[in-house]
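Following this line, the structure appears as structure tokens:
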């Protein structure tokens, strides 16, 4: 059995470092679901794979939180407003103003297991070839393909904020993760976190680059 974890984030550390609270029913659900996640098919399969060693972070994802006494949906718009210092250039976001993935979409409540850097075999590939890589990875680990996917944009941004505030880690500082969120069927948004902060940009699905890959999300 291999130790697949680069980091594990507890709910307690999440709340204290993001300066937020959660409703009791959400706390209870996360507490109940943690053992199920740790014993899930995906985790068990990865623990038998030497390639997965030290690659993944376990992160509690939330669709809403209480900040300064108010219940707030965990959208990119709200995350930017509260944690503005972590973002590189606000102009990145203004071009997507009004898009559902900025104003409406939230992570679903779950324990996510996600690679902290793009998989090496996903680099230098276009969007479709990266999707093919994910299918091959699912087959190799004998896990149903729907259990392995790309992050949405809000999931990726949330994960980077959590990594920075809870662990003082700057994930994606030299690489980009291509998300499943897009402005059209032919363009999708990637995220990175260079020295100036979190950056987002949309790229045509035919693009490929040595630093552009996908972080498998289980």
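In my numbering, the protein residues as written are 351 to 568.
The beta-carbon is built from N, C-alpha and C at its ideal position, and this holds for glycine as well.
Checklist entry - What three-state label does DSSP hand residue 462 in the structure shown? => result Reduced to three states, the DSSP call for residue 462 is strand.
Checklist entry - Per DSSP, residue 408 forms a beta bridge with which residues? => result DSSP, once it has assigned bridges, lists 358, 463 as partnering residue 408.
Item to check | 4-residue-minimum alpha helix (DSSP H) runs that sit fully inside the stretch 400-449, ordered along the chain | outcome: Segments of the alpha helix (DSSP H) lying fully in the stretch 400-449: 426-432, 441-444.
Checklist entry - Do residue 469 and residue 526 have their C-beta atoms within less than 7 Å of each other? => result The Cβ-Cβ distance between residue 469 and residue 526 does not fall below 7 Å.
Item to check | Three-state secondary structure (DSSP) of residue 547 | outcome: In the structure shown, residue 547 adopts coil according to DSSP, grouped into three states.
Checklist entry - Taking buried to mean at least 16 other C-beta atoms within 10 Å of its own C-beta, is residue 448 buried or exposed? => result Result: exposed.
Next on the checklist: Extract the residue ranges of the alpha helix (DSSP H) inside the stretch 371-405, only unbroken runs of 4 or more that lie entirely within it.
Outcome noted: Here the runs fully enclosed are 374-388, 391-396.
Next on the checklist: So for residue 537, helix, strand or coil by DSSP?
Outcome noted: Looking at residue 537 - three-state DSSP - the assignment turns out to be strand.
Checklist entry - Taking the alpha helix (DSSP H) that residue 476 falls in, what are its first and last residues? => result Per DSSP, residue 476 belongs to no alpha helix (DSSP H) and is neither H nor E.
Checklist entry - Name the DSSP bridge partner or partners of residue 528? => result Looking at the DSSP assignment, residue 528 forms a beta bridge with 540.
Next on the checklist: Quick check on this structure: which residue in 512, 493, 554 has the alpha carbon closest to the alpha carbon of residue 437?
Outcome noted: Cα-wise, what sits closest to residue 437 is 512.
Next on the checklist: Given a cut-off of 7 Å on the beta-carbon distance, is the pair residue 426 and residue 504 in contact?
Outcome noted: Yes, these two residues count as a Cβ contact at 7 Å.
Checklist entry - Using 8 Å as the threshold, is the stretch 479-493 in touch with the stretch 407-418, meaning 3 or more CB pairs across them? => result The answer is no - the stretch 407-418 does not touch the stretch 479-493, with fewer than three Cβ pairs under 8 Å.
Item to check | residue 485 (DSSP reduced to helix, strand or coil) | outcome: Helix.
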